[in-house]
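Here the sequence shown stands for residues 555 to 887, where the numbers follow the numbering used here. Ideal Cβ placement from N, Cα and C applies to all residues, glycine included. Beneath this line is the structure, given in structure tokens, with notes to follow.
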Amino acid sequence: MKQSTNILLSFIAILAIALAAAAVAESQIAGNVLTGIAPYLVLAVFLLGFVYRIIRWAKSPVPFRIPTTCGQGKSLPWVQNNPVENPAGPLGAIGRMAGEIFLFRSLFRNSQAEIVNGRPVYDSAKWLWFFGLMFHLSLLVVAFRHLRFFTEPVVPFVMGLSALDGFLEIGIPALYISDATLLAGLVFLFLRRVFLPQVRYISLFTDYFALLLIAAIAATGLLMRHFFPVDLNAVKTLAMSWVSFAPPAPANANVLFYLHLFFVFVLIAWLPWSKLTHMAGIFLSPTRNQINNNRSQRHLNPWNAPVKVHSYEEYEDEFRDKMKAAGLPVEKE
Ligand code: HEM
């Protein structure tokens with residue numbers, strides 16, 4: 555499929571979801587289903603999908619040590635080992651995983667190749683790391699801040715985080731730094747897929763859709779916060795009813811809230827079936843979480859089926875007379 559079709563289709567998909575959400579907001583019954591039943595359904599789909607994906611990954615055989623290494627492995631005592639890039643023990647592997655999960659270490663090592671005067675030239679490329687990390691951390695902060703709707707009294711950490719996030723005090727209500735960085739990250743990641751020919755070539759519908767879906771959530775959230783305020787008390791009462799399994803109170807909110815919620819539910823239900831499950835996959839990635847002790851331990855594939863071999867020795871024993879008769883050389887007389 556042409557790449558521009560993928561981009562167009564993803565915009566159309568987001569628009570279709572927005573229209574469906576607007577229709578839901580118009581109908582009392584559909585609105586009640588969205589706020590009363592959908593949260594539990596979505597959670598069930600999410601949990602089932604997540605568990606299913608993890609079980610499938612966990613069941614994949616990993617017979618060999620296959621950690622990716624880019625540092626000196628542990629060997630003789632006088633050879634200096636790189637314990638993080640080539641971990642020889644669990645602490646090193648944990649350190650490496652932490653670097654990967656919190657700082658996207660391998661993306662930091664990203665490089666790009668260019669042909670300059672007919673020769674390939676390799677250069678470091680940090681922009682993807684920078685915007686990728688910024689986007690993910692912002693999303694995490696936004697998610698933490700949302701806990702104010704789901705906890706009573708609000709966890710002090712969430713209050714502190716919100717205060718810190720809005721400390722620039724730009725506008726009323728204050729613009730959160732994480733909202734600005736979330737949007738900047740999304741714009742970079744989307745434009746990268748649209749304008750870089752190599753990345754555009756390998757981008758699928760779902761790559762654009764995932765970014766646009768999160769952008770739609772952020773956009774509706776920002777509109778609610780800064781331009782079309784919703785009754786936050788009503789939202790909190792609703793969110794508290796979900797977590798306490800009480801009958802949901804009327805949402806008493808504008809159409810933007812329904813759009814926001816609808817987009818969020820689509821994201822959460824779709825997440826386990828999409829590439830966005832990389833947030834769980836990273837923990838189960840053998841190339842990252844294994845230790846490299848290939849030099850000190852022999853690893854045998856536990857699933858090796860017994861192989862029936864016919865050695866040359868046996869072959870010669872079987873055919874020695876015939877070989878000799880045909881004048882062929884033999885090892886044993
Ligand atoms: C994937 C999950 C979600 C994401 C990424 C997300 C994202 C955002 C963003 C970026 C904003 C802009 C302002 C801010 O950062 O606070 C926002 C606002 C808002 N969100 Fe969400 N949201 C999510 C889930 C939810 C849920 C489940 C609810 C329902 C309780 C909700 C209700 C709201 C409300 C009421 C606002 C306006 C806040 C205000 O006026 O201060 N969001 N959201």
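Query raised in the report: Taking 8 angstroms as the line, does the beta carbon of Gly835 fall inside it for any heavy atom of the ligand HEM?
Result: no
Query raised in the report: Taking C-alpha atoms, which residue in Ala574, Arg702, Gln557 and Ile561 lies nearest to Phe819?
Result: Ala574
Query raised in the report: Using the beta carbon as the reference atom, which residues fall closer than 7 angstroms to any heavy atom of the ligand HEM, ordered along the chain?
Result: Leu693, Val696, Ala697, Arg699, His700, Phe703, Pro727, Tyr730, Ser732, Asp733, Leu736, Ile768, Ile771, Ala772, Gly775, Leu776, Met778, Arg779, Pro783, Val784, Leu786, Val789, Leu792, Ala793, Phe811, His814, Leu815, Val818, Leu821 and Ile822
Query - Ala772 versus Leu736 - alpha carbon distance - result: 8 angstroms
Report task. Measure the C-alpha to C-alpha separation of Gln666 and Trp683 and round it to an integer number of angstroms. Result -> 13 angstroms
Query - Where the beta strand (DSSP E) containing Ile669 begins and where it ends - result: Ser665 to Val670
Report task. Would you mind reading off the limits of the alpha helix (DSSP H) that contains Asp875? Result -> Tyr866 to Ala879
Report task. Note the first and the last residue of the continuous beta strand (DSSP E) segment covering Ser678. Result -> Arg673 to Ser678
Query raised in the report: Where does Gln844 sit, in a helix, a strand or coil, going by DSSP?
Result: coil
Requested in this report: Give a yes or no on whether the C-beta atoms belonging to Ile836 and Met713 are separated by under 9 angstroms.
Outcome: no
Query - Range of the contiguous alpha helix (DSSP H) that encloses Gly686 - result: Trp681 to Arg699
**Report entry** Leu661 and Gly627 closer than 9 angstroms at C-beta
**Finding:** no
Query raised in the report: By a C-beta neighbour count over all protein chains shown, 10 Å radius and 16 as the cutoff for buried, is Arg747 buried or exposed?
Result: buried
Query raised in the report: Out of curiosity, what's the CA-to-CA distance linking Phe711 and Gln851?
Result: 46 angstroms
Query raised in the report: What are the boundary residues of the alpha helix (DSSP H) that includes Lys613?
Result: Ala592 to Lys613
Query raised in the report: Between Phe811 and Leu745, what straight-line distance do the alpha-carbon atoms span, to the nearest angstrom?
Result: 27 angstroms
Query - Candidates Gly672, Pro826, Ala769 and Pro674, of which the one nearest Leu693 by Cα - result: Ala769
Report task. Write down every uninterrupted run of the alpha helix (DSSP H) in the segment 712 to 791 whose length is 4 residues or greater and which is fully enclosed by it, in chain order. Result -> 731 to 749, 751 to 756 and 759 to 780
Report task. Check whether the Cβ atoms of Pro593 and Trp796 sit closer than 9 angstroms, and answer yes or no. Result -> yes
Query raised in the report: Distance, Cα to Cα, Leu821 vs Asn858?
Result: 42 angstroms
Query raised in the report: Val789: buried (16+ other C-beta within 10 angstroms of its C-beta) or exposed?
Result: buried
Query - Cβ contact check for the segment 619 to 637 and the segment 837 to 850: 3 or more pairs under 8 angstroms - result: yes
Query - Meets three-Cβ-pair contact criterion under 8 angstroms: the segment 641 to 655 and the segment 853 to 867 - result: no
Report task. Would you be able to state if there are at least three C-beta pairs under 8 angstroms between the segment 556 to 564 and the segment 754 to 770? Result -> yes
Query raised in the report: Tell me which same chain residues have a C-beta within less than 8 angstroms of the C-beta of Ala576, skipping the five on either side of it?
Result: Val809, Tyr812 and Leu813
Report task. Compute the Euclidean distance between the alpha carbons of Leu602 and Leu740, then round it to the nearest angstrom. Result -> 28 angstroms
Query raised in the report: Quick one: is Gly775 buried, meaning 16 or more other Cβ sit within 10 Å of its Cβ, or exposed?
Result: buried
**Report entry** Presumed contact (8 angstroms Cβ cut-off) between Leu825 and Thr831, rounded CB distance
**Finding:** 6 angstroms
Query raised in the report: DSSP three-state call for Phe817: helix, strand or coil?
Result: helix
Query raised in the report: In three-state terms, what does DSSP make of Gly625?
Result: coil
Query raised in the report: Using a Cβ-Cβ cut-off of 6 angstroms (strictly less than) and excluding sequence neighbours within five positions of Phe704, which residues of its own chain qualify?
Result: Ala793 and Val797
Report task. Report, in whole angstroms, the separation of the C-beta atoms of Asp719 and Val695, which I expect to be a contact under 8 angstroms. Result -> 6 angstroms
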